[in-house]
Structure formats: C-alpha cells, structure tokens
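Residue numbers (the working numbering), protein chains in the order written: chain E, 225 to 334; chain C, 176 to 292.
No residue lacks a Cβ here, since even glycine has one placed at the ideal position from N, Cα and C.
Here is the structure:
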C-alpha cells in the first residue's frame, strides 16, 4: 500500500513534443504529490507539486494532472526541449516521509 | 530560497576509514533532514530521518552503527560512514524540510559521491 508505481521506465521524445509520465499510488492517506527532476550526478530538484484538492496544476511548460478517484497523477512536459533530458521522479506523502516512484529517464532528441 | 548544500561533493577513501558528509540548509531552518542513498539508475532509498537535537530514526535494514547521523543545529546534519567498505560506495543525498514554508516540500542537496577503494 506504500508503493508508487511510475511508468514508463524510459521515454524518448522529439524536440517540441509532449512528454507524459504517469504515476499511481494506493494509499488514500497521501495528500501531497511532488515531481522532481534529476540530472546525472546531481541531487533532485523540485519541479512542481500538487495536492488532491485540485485536478490540474500548471507551471510554465510543466503540468500535473491528478485523478483522485483513480489514484493516479501524471506529469506533462509541453514543447519538450533537449535540456529537459533527465530522470524524473514522482513522489507521494501523507506525512513528511516521501514514497518515490522508480524514475523515468527522458531523452529529448534535437 | 530553500537551498541545501552538501560537502564534500566527491570523496574517495580507503577501506576501513570513516567519512563525514555535511548537509546544510543555507537560507532556512530545517526542522527535519533526511538522508538518502541512490544506486546508479535507481530511485532514492531513504536511510534515515533526523530532527534537530534528537536521535535519528533509521529505516529498516540500515545499520545505525555504520551510518552515524548527527543533527546538531537547525541548519546542519552530518552523516558519518564508519569503517567504510567498497559496498558502501554510492551517491548520498540529503534533503530538508523548511520550517516556515510548504511543510511537505523536501529540498535536496546536490549529493555526495562516495567511492571506497
């Protein structure tokens, strides 16, 4: 019940395309869902986060869609750029302790 | 704001020696700090949670005598890998929760690459 399932494991997108990464959780007590971007050899950086009282949140080219009934949330990267090539982790928490997804390695082709 | 630093960024040591990694919150007070370990191409694995002035809480399977954590102030936590062995080689990342901002947001440090020869 503590798992967060993330898919796909890897993703290749053309420049200008839309990258979509999905996560699913089981624990209904989770109430905060952040996405992190990590470049090789660096620590994760917070991209965007959402709480279950809204179904969508947009910040620049990044959008989180949240489906409370399905217990799923996804990250959409619009107009994907080669600089977006990184590993993306979703997470979920109901307290202070994060449960991370397994990560998605995104490669955006120039 | 919400910047977390780690020192050193890279360390190479001989087997049997101890290594200390520092994690600092630069522009905020961190009531709680976390230490993670990350293997290549894998997700982050929580090792322990530390609160200022109290003993760290270790995750199941993490040896508390090997990975000593001290959270001496609201801006500094240290992880000491004692008697390091090659299997301890990994990427260690700390994170912190701000006491005055969005309470659920963890801000991560840049990580420390430990190589034990």
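- The beta-carbon of residue 187 (chain C) is placed no less than 8 Å from the nearest beta-carbon of chain E.
- Your pair residue 272 (chain E) and residue 280 (chain E) does not check out as a contact, with CB atoms roughly 11 Å apart and the cut at 8 Å.
- In the structure shown, residue 262 (chain C) adopts helical secondary structure according to DSSP, grouped into three states.
- Residue pairing of residue 330 (chain E) in beta bridges, as defined by DSSP: E:235 and E:310.
- At a C-beta separation below 9 Å, residue 244 (chain C) has no neighbours in chain E, since its nearest C-beta there lies roughly 15 Å away.
- Residues of the segment 244-269 of chain E with a C-beta less than 9 Å from any C-beta of chain C: 255, 256, 258, 260, 262, 265, 266, 267, 268 and 269, listed in chain order.
- The alpha carbon of residue 283 (chain C) has as its nearest neighbour, out of C:291, C:290, C:272 and C:289, the alpha carbon of C:272.
- Separation of the CB atoms of residue 316 (chain E) and residue 257 (chain E) is rounded to 5 Å, and the pair is thereby assigned contact status at 8 Å.
- In the three-state DSSP reduction, residue 229 (chain E) falls in the strand class (E or B).
- Note that the C-beta distance between residue 266 (chain C) and residue 286 (chain C) is below 8 Å.
- Close to residue 322 (chain E), with beta-carbon spacing below 7 Å, are these residues of chain C in chain order: 281.
- Remark: C-beta atoms of residue 253 (chain E) and residue 318 (chain E) approach each other more closely than 8 Å.
- When beta bridges are read from the DSSP output, residue 296 (chain E) appears opposite E:248 and E:291.
- Where residue 181 (chain C) is concerned, the enclosing beta strand (DSSP E) starts and stops at 179-182.
- Annotated three-state conformation of residue 241 (chain C) is coil, per DSSP.
- Between the segment 320-330 of chain E and the segment 183-192 of chain C there are fewer than three C-beta pairs closer than 8 Å, too few to call the two in contact.
- Between residue 304 (chain E) and residue 245 (chain E), the beta carbon gap of about 11 Å keeps them out of contact (Cβ cut-off 8 Å).
- In the displayed model, residue 222 (chain C) falls within a strand according to three-state DSSP.
- By the CB criterion at 8 Å, residue 252 (chain C) and residue 211 (chain C) fall outside the cutoff.
- For residue 279 (chain C), the number of other beta carbons within 10 angstroms of its own is at least 16, and it is reported as buried.
- Listed along chain C, no residue sits closer than 7 Å to residue 328 (chain E) by beta-carbon distance, the nearest being about 11 Å off.
- Only exposed fits residue 277 (chain E), as fewer than 16 other CB atoms lie within 10 angstroms of its CB.
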